[in-house]
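Enquirer: Quick note: to get my numbering, add 456 to the position in the sequence shown (first position is 1).
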Amino acid sequence: MRVLGVDPGLTRCGVGVVEGVAGRPLTMLGVGVVRTPADAELGHRLVAIEQGIEQWLDEHRPEFVAVERVFSQHNVRTVMGTAQASAVAMLCAARRGIPVALHTPSEVKAAVTGSGRADKAQVGAMVTRLLRLDAPPKPADAADALALAICHIWRAPAQNRLQQAVALHASKGRRA
């Protein structure tokens, strides 16, 4: 399974591609950040994020895109920018027919560190260890994108089984 993880943000949008399957060593295929100037017009920033994500999709051909689910923050401007960048990532994937999965920050932290309350340093350290890297990816947005991809690779099989069970149960209920 090849997954593009996207840690959405207007100034720094982390992107990382991981390949592998649950229970086996994972491989990082690429990591980076799509940057936009804070003083640029919003529309231009969103276009720049779209172009950056499209380049990653062209280069790495992921089977899935994992995006951090936007959650409530105290700063409304920050959450709006994050949501807008997130929507761009989902649109780019949907346009190509690539399935998108959303994972909350606590789900990602729990998946890679064992604790949903882990800090950025702990996430970076575990990403480094899990992907057998020499140093933690910088900035933290890049490490978070890899963590999203890892989380999806590990969680997707269980989520698929659950969805199949729910669908089977629903179809039995319609026949009764």
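Cβ atoms here follow ideal geometry from the backbone N, Cα and C, with glycine treated the same way.
Please read all numbers here as calculations on a predicted model, not as lab measurements.
Below 7 Å CB to CB, which residues in the same chain sit around Val544 once its five sequence neighbours on both sides are set aside?
Expert: Counting from 1 along the sequence shown, the entry for residue 544 is found at position 88. Answer for Val544: Leu502, Ile505, Glu506 and Ile509, listed in chain order.
Enquirer: Using the three-state DSSP reduction, which class does Asp463 fall into: helix, strand or coil?
Expert: In the sequence shown, residue 463 corresponds to position 7, counting from 1. In this structure, Asp463 counts as strand in the three-state DSSP scheme.
Enquirer: When the Cα atoms are used, what is the spatial distance from Ala577 to Ser627?
Expert: Position 121 of the sequence shown, counting from 1, holds the residue named residue 577. Position 171 of the sequence shown, counting from 1, holds the residue named residue 627. Using only the alpha carbons, I get a separation of about 45 Å.
Enquirer: So what does Cys607 bridge to, in DSSP terms?
Expert: Start at 1 with the first residue of the sequence shown, and residue 607 comes out as number 151. None, per the DSSP bridge assignment.
Enquirer: In the DSSP assignment, what residue or residues form a beta bridge with Cys469?
Expert: Here the question's residue 469 lines up with position 13 in the sequence shown. Its beta-bridge partners are Val490.
Enquirer: Terminal residues of the continuous beta strand (DSSP E) containing Leu558?
Expert: Position 102 of the sequence shown, counting from 1, holds the residue named residue 558. Run containing Leu558: Val556 to His559, per the beta strand (DSSP E) assignment.
Enquirer: Does the separation of the CB atoms of Val580 and Ala596 fall below 8 Å?
Expert: As a first step, residue 580 is located in the sequence shown; it is residue number 124 there, counting from the start. As a first step, residue 596 is located in the sequence shown; it is residue number 140 there, counting from the start. Reading the sequence as shown, one finds Gly at residue 580 and not Val. Closer than 8 Å, so yes.
Enquirer: Looking at the unbroken alpha helix (DSSP H) that takes in Ala496, where does it start and where does it end?
Expert: Here residue 496 corresponds to residue number 40 of the sequence shown, with the count starting at 1. Looking at the DSSP string, Ala496 is not in any alpha helix (DSSP H), and its letter there is neither H nor E.
Enquirer: Whole beta strand (DSSP E) runs in the segment 502 to 545 with 3 or more residues, listed along the chain?
Expert: Fully enclosed beta strand (DSSP E) runs of 3 or longer: 520 to 524.
Enquirer: If you compare alpha carbons, which of Pro613, Ala567, Ser542 and Pro518 is closest to Arg552?
Expert: Reading the sequence shown from its first residue, position 96 is the one you call residue 552. The option with the nearest alpha carbon to Arg552 is Pro518.
Enquirer: Give the straight-line distance between the Cα atoms of Gly479 and Val462, rounded to the nearest whole angstrom.
Expert: The residue given as residue 479 occupies position 23 in the sequence shown. The residue given as residue 462 occupies position 6 in the sequence shown. Near 23 Å, if we compare the C-alpha coordinates of Val462 and Gly479.
Enquirer: Do you know how far the Cα of Ala612 is from the Cα of Val523?
Expert: Along the sequence shown, read from residue 1 onward, the residue named residue 523 stands at position 67. Along the sequence shown, read from residue 1 onward, the residue named residue 612 stands at position 156. The straight-line gap from Cα to Cα measures roughly 13 Å.
Enquirer: Considering only DSSP beta bridges, list what Thr483 is partnered with.
Expert: Translated into positions along the sequence shown, residue 483 becomes position 27. Looking at the DSSP assignment, Thr483 forms a beta bridge with Glu475.
Enquirer: Checking the sheet assignment: what are the DSSP bridge partners for Arg617?
Expert: Sequence index remark: in the sequence shown, residue 617 carries index 161 (1-based). DSSP lists no partner for Arg617.
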